[in-house]
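J.:
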Amino acid sequence: MSANLINPQPWERFGAREDEWRDWRWQQRHAVRTLDEAARQLALSPEETEGIRRAQGLFRFGATPYYLSLADREDPACPVRMQVVPGLAESRVRPGELRDPLGEDSHRPVASIVHKYPDRVLFLAFDRCAVYCRHCTRRRIAGGGEAPLNRKALEAGIAYVRAHPEVRDVLVSGGDPLLLSDGRLEALLGELRAIPHVQLLRIGTRVPVANPMRVTPALVATLRRFHPLFVVTHFNHPKEITPESRAACEALVDAGIPVENQSVLLRRINSSARILTRLSHELLAMRVRPYYLHQMDVAEGTEHLRTPVEAGLAILDAMRGYTSGLAVPHLAVDLPGGGGKVTLQPRYLLERDARGATFRNYRGERYVYPEPADSDCRCPYEDKYFGERG
Numbered sequence: 186m187s188a189n190l191i192n193p194q195p196w197e198r199f200g201a202r203e204d205e206w207r208d209w210r211w212q213q214r215h216a217v218r219t220l221d222e223a224a225r226q227l228a229l230s231p232e233e234t235e236g237i238r239r240a241q242g243l244f245r246f247g248a249t250p251y252y253l254s255l256a257d258r259e260d261p262a263c264p265v266r267m268q269v270v271p272g273l274a275e276s277r278v279r280p281g282e283l284r285d286p287l288g289e290d291s292h293r294p295v296a297s298i299v300h301k302y303p304d305r306v307l308f309l310a311f312d313r314c315a316v317y318c319r320h321c322t323r324r325r326i327a328g329g330g331e332a333p334l335n336r337k338a339l340e341a342g343i344a345y346v347r348a349h350p351e352v353r354d355v356l357v358s359g360g361d362p363l364l365l366s367d368g369r370l371e372a373l374l375g376e377l378r379a380i381p382h383v384q385l386l387r388i389g390t391r392v393p394v395a396n397p398m399r400v401t402p403a404l405v406a407t408l409r410r411f412h413p414l415f416v417v418t419h420f421n422h423p424k425e426i427t428p429e430s431r432a433a434c435e436a437l438v439d440a441g442i443p444v445e446n447q448s449v450l451l452r453r454i455n456s457s458a459r460i461l462t463r464l465s466h467e468l469l470a471m472r473v474r475p476y477y478l479h480q481m482d483v484a485e486g487t488e489h490l491r492t493p494v495e496a497g498l499a500i501l502d503a504m505r506g507y508t509s510g511l512a513v514p515h516l517a518v519d520l521p522g523g524g525g526k527v528t529l530q531p532r533y534l535l536e537r538d539a540r541g542a543t544f545r546n547y548r549g550e551r552y553v554y555p556e557p558a559d560s561d562c563r564c565p566y567e568d569k570y571f572g573e574r575g
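Going by the numbering used here, the sequence shown wraps up at 575, each residue one higher than the last.
#1: Does Leu-468 come out as helix, strand or coil in the three-state DSSP assignment?
#2: I'd like the span of the beta strand (DSSP E) that includes Ile-380, first residue to last.
#3: Nearest to Cys-314 by CA position, among Arg-305, Leu-287, Asp-361, is which residue?
#4: Quick check on DSSP: helix, strand or coil for Ser-187?
#5: Whose C-alpha, out of Leu-437, Val-217, Glu-425, is nearest the C-alpha of Phe-415?
#6: Could you check where the beta strand (DSSP E) with Thr-543 kicks off and where it finishes?
#7: To the nearest angstrom, how far is the alpha carbon of Gly-359 from that of Pro-333?
#8: I believe Ala-256 touches Arg-266 by the beta-carbon criterion, under 8 angstroms. Please report the beta-carbon distance rounded to the nearest angstrom.
#9: Under DSSP, the alpha helix (DSSP H) around Ser-560 begins and ends at which residues?
#10: Smallest Cα separation from Tyr-477: which of Tyr-547, Val-518, Arg-459, Glu-371?
#11: May I have the straight-line CA-CA distance separating Phe-420 from Arg-225, to the nearest angstrom?
#12: For Ala-379, tell me which candidate among Lys-337, Asn-446, Arg-353, Arg-305 has the shortest Cα-Cα distance.
#13: What are the start and end residues of each continuous alpha helix (DSSP H) run of 4 or more residues lying completely inside the region 469-545, in chain order?
#14: Give me, in chain order, the residues of the same chain whose beta-carbon lies closer than 6 angstroms to that of Thr-401; leave out the 5 immediate sequence neighbours on both sides.
#15: How many angstroms separate the CA atom of His-412 from the CA atom of Glu-235?
#16: Measure from the alpha carbon of Leu-535 to the alpha carbon of each residue in Gly-328, Arg-551, Arg-198, then state which is nearest.
#17: Which stretch, first to last residue, makes up the alpha helix (DSSP H) that contains Arg-266?
#18: Use the C-beta contact count for Phe-571: other C-beta atoms within 10 angstroms, 16 or more gives buried, fewer gives exposed.
#19: Can you give the Cα-Cα distance for Tyr-251 and Leu-307, rounded to whole angstroms?
#20: Using three-state DSSP, classify Ala-248 as helix, strand or coil.
#21: Going by DSSP in three states, His-292 sits in which element: helix, strand or coil?
#22: Tell me whether the beta-carbon of Met-471 lies closer than 8 angstroms to the beta-carbon of Val-449.
#23: Grouping DSSP H, G and I as helix and E and B as strand, with all else coil, what is Leu-334?
#24: Can you list, in chain order, the residues of its chain whose CB lies under 7 angstroms from that of Leu-253, leaving out five sequence neighbours each side?
#25: Does the beta-carbon of His-396 have 16 or more other beta-carbons within 10 angstroms, so that it is buried, or is it exposed?
Following this line, the structure appears as structure tokens:
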């Protein structure tokens, strides 16, 4: 028996040629979206089969052939498979879960803009994804439940940013904005970059993870025109780091585009210090900074994937001191209902008294930091540099 029949190439599993497999448009056109298609690629359990059936009308099911090829065909506990295939628990809404868990809609002056913070906005550029993650916080948009984000919606968003000079930072997200064509993406970024008060552009995308073929030389050249521009991507598990995803991230970094990663803490998928440390190390090896570890948002149907807050703190505690600070992400909670993001750290400050502040280190040893006698922290040059406060 030939080696190819024992270990077929991923494109052979999907009846494709290698050149088709490496075409990002082919990946999107041939995304696995139905129960029958999924059953041809995975040995689905009865729970997974019923989960896919029940997902209809709740939240899109789908993934590129590339991303699905990373899943273990036999084991439902595979961390890639658990992010793609809905389980029965997803069809149950638990107390405290919300359709709009981050309170975005109350800060949405036009369909494509969420303006929650004083100096920055979220620009919703597209409502489709390369993979529909079962932990998605924006499923009301990416799930197809709203009117599509069309050209008129994008024009309204650009007009909003242009009319608000306090906005200096625009995060373009969705859905996944890198699924727009090069031309549409260039037009959008060009309009935003032409606004004088917009200093920084960011793109939130899972394309390097789920359809890395999209990161073509033409796309990289397009993005490079709009510096300063950051790409924020979303690897959750070391299994998602492949030669293809590594090449996509390195192509961006080589072009001077910083890439940062935001992971979501997912129960039974990556809720382990060993897994997240390995992920951080592999990200840093391809020059991607581990930025945030997100406590999962309280989106409807996702409680089975959420961890207690204490689990994230314990993971950071287990990482700190045993790997470099660059490898330890910020643990962030985006407060339900629109309260915004807060970050958490394990408790290192134990007490404060006249002697100073007492801390514990990563080994649990106690150390005293003496406080200075003079506590006046005013900066005398501040008003001269910035001007007096109004």
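Where is the CB? At the ideal position from N, CA and C, for every residue including glycine. Small disclaimer: the values here were computed from a predicted structure and weren't measured.
T.: Quick look at the numbers:
#1: helix
#2: Careful: Ile-380 lies outside any beta strand (DSSP E) and carries neither H nor E.
#3: Asp-361
#4: Only weak support exists for where Ser-187 lies, its pLDDT of 42 falling under 50; the value from the coordinates is given anyway. Correct three-state label for Ser-187: coil.
#5: Leu-437
#6: 541-545
#7: 11 angstroms
#8: 4 angstroms
#9: It is not in any alpha helix (DSSP H) - Ser-560 carries neither H nor E in the DSSP assignment.
#10: Val-518
#11: 26 angstroms
#12: Arg-353
#13: 494-504
#14: none
#15: 47 angstroms
#16: Arg-551
#17: 264-269
#18: exposed
#19: 28 angstroms
#20: strand
#21: helix
#22: no
#23: coil
#24: Val-217, Gln-226, Val-269
#25: Residue identity check: residue 396 is Asn in the sequence provided, not His. Asn-396 is buried by the Cβ-count criterion.
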